[in-house]
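**Q** Quick note: the sequence shown uses the numbering used here, first residue 277, plus one each step.
C-beta: ideal position from N, C-alpha, C; glycine also.
This is the structure, below, for whatever I ask next.
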Amino acid sequence: MIASLRGSIVLKTDESAVIETCGVGYEVFLCEFSLRNLGPEGSEVCVLTAESISMYGGAALYGFLTKEEKNLFDLFRGSVPNTGAKKALDYLNKALKSLPDFKQAVIKNDPKLLTSIFGFTAKTADKLITALKDKMPDFQTAGTVRLGIFTAQGSYAQVLNALSNLGFKAGDAKAALEAAAAEERPDTESAEQLLKRTLKRLSPG
């Protein structure tokens, strides 16, 4: 089994990258989030990998930039019913918006957050919570909280609700809020401060 690959990127597509090592090119499937952060063609990379064998004998390699990405992929594939490698990769792509916040959404049994913020369907959100709620407390999520959903007294959810009440379209509000929340700001920022910065992005001029 191939556990990792180190080499140069010779080709990138919308769903995979070909990494050449020792004169051999390996096609590695990555989620959209990871592909954006992988680097351009010609750059040197190192990815962790997981192998998937289909019922007809075909094999595919799936790649990850960090150990926690691979661990969550393995958790999806091994613990969530009817979840193969491709579906697990799709779940991972959604969760990578903010792994710490995804973890808390599952632990706090909050399917609404999984649907509105991370983009899971209601059925999938319930399935993920049922399958993972006892496993997520032990899942390590290194790094920063990207969205800050559970910081500043739930400011993210509060602001999203306020923007909806102000008449902004859900998609526009969510995009502006994510951009504002991703800026370098202290975790103690209030909902009012976050709302003001988000409104600046939504209001021309």
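Would you kindly report the start and end of the unbroken beta strand (DSSP E) that includes residue 288?
**A** Taking the first residue of the sequence shown as 1, we reach residue 288 at position 12. 280-288 is the extent of the beta strand (DSSP E) around residue 288.
**Q** How many Å lie between residue 388 and residue 398 at the Cα?
**A** As a first step, residue 388 must be located in the sequence shown, where it is residue number 112. As a first step, residue 398 must be located in the sequence shown, where it is residue number 122. Approximately 8 Å, taken between the alpha carbons.
**Q** Given a threshold of 16 other Cβ atoms within 10 Å of its Cβ, counted over all protein chains shown, does residue 322 qualify as buried or as exposed?
**A** Against the sequence shown, residue 322 aligns to sequence position 46. Per the 10 Å Cβ criterion, exposed.
**Q** Answer with buried or exposed for residue 316, where buried requires no fewer than 16 other C-beta atoms within 10 angstroms of its C-beta.
**A** For the purposes of this step, residue 316 is taken as residue 40 along the sequence shown, with counting starting at 1. Answer is exposed; the Cβ neighbour count stays below 16.
**Q** Less than 9 Å between the C-beta atoms of residue 291 and residue 306, yes or no?
**A** Here residue 291 is taken as the residue at index 15 of the sequence shown, counted from 1. Here residue 306 is taken as the residue at index 30 of the sequence shown, counted from 1. Yes, the Cβ-Cβ distance between residue 291 and residue 306 is below 9 Å.
**Q** Using only CA atoms, which one of 336, 286, 328, 368 lies nearest to residue 343?
**A** Looking up residue 343 in the sequence shown gives position 67. The shortest Cα separation from residue 343 among 336, 286, 328, 368 belongs to 368.
**Q** According to DSSP, simplified to helix, strand and coil, what is residue 405?
**A** As a working mapping, residue 405 is identified with position 129 in the sequence shown. DSSP places residue 405 in helix when its eight states are reduced to three.
**Q** Would you tell me roughly how many angstroms separate the C-alpha atoms of residue 472 and residue 393, rounded to the nearest one?
**A** Counting from one through the sequence shown, the residue named residue 472 turns up at place 196. Counting from one through the sequence shown, the residue named residue 393 turns up at place 117. Spanning the two alpha carbons is a distance of roughly 20 Å.
**Q** So, is residue 357 buried or exposed, given that buried needs 16 or more other C-beta atoms within 10 angstroms?
**A** Walking along the sequence shown from the start, residue 357 turns up at place 81. So residue 357 counts as exposed.
**Q** Residues bridged to residue 367 by DSSP?
**A** For this step, residue 367 is matched to residue 91 along the sequence shown. BP columns for residue 367 are empty, so no partner.
**Q** Since residue 338 contacts residue 372 with CB under 8 Å, what's their CB separation in whole angstroms?
**A** To locate residue 338, count along the sequence shown from 1; it is residue 62. To locate residue 372, count along the sequence shown from 1; it is residue 96. With a Cβ gap of about 14 Å, residue 338 and residue 372 do not count as contacting.
**Q** If we call anything under 9 Å between Cβ atoms a contact, is residue 381 one with residue 350?
**A** Stepping through the sequence shown from its first residue, residue 381 is reached at position 105. Stepping through the sequence shown from its first residue, residue 350 is reached at position 74. Taking 9 Å as the Cβ cut-off, residue 381 and residue 350 do not qualify as a contacting pair.
**Q** Compare the C-alpha of residue 450 against each of 383, 391, 301, 312 and name the closest.
**A** Stepping through the sequence shown from its first residue, residue 450 is reached at position 174. Nearest of 383, 391, 301, 312 to residue 450, Cα basis: 391.
**Q** Within the present structure, is the beta-carbon of residue 297 separated from the nearest heavy atom of the ligand NAP by less than 8 Å?
**A** The ligand NAP is absent from the structure shown, which contains no ligand whatsoever.
**Q** Between residue 336 and residue 308, is the Cβ-Cβ spacing less than 9 Å?
**A** Position 60 of the sequence shown, counting from 1, holds the residue named residue 336. Position 32 of the sequence shown, counting from 1, holds the residue named residue 308. No, the Cβ-Cβ distance between residue 336 and residue 308 is not below 9 Å.
**Q** By DSSP's criteria, residue 297 is part of a beta bridge. Which residues make up the other side?
**A** Walking along the sequence shown from the start, residue 297 turns up at place 21. Residue 297 is bridged to 300.
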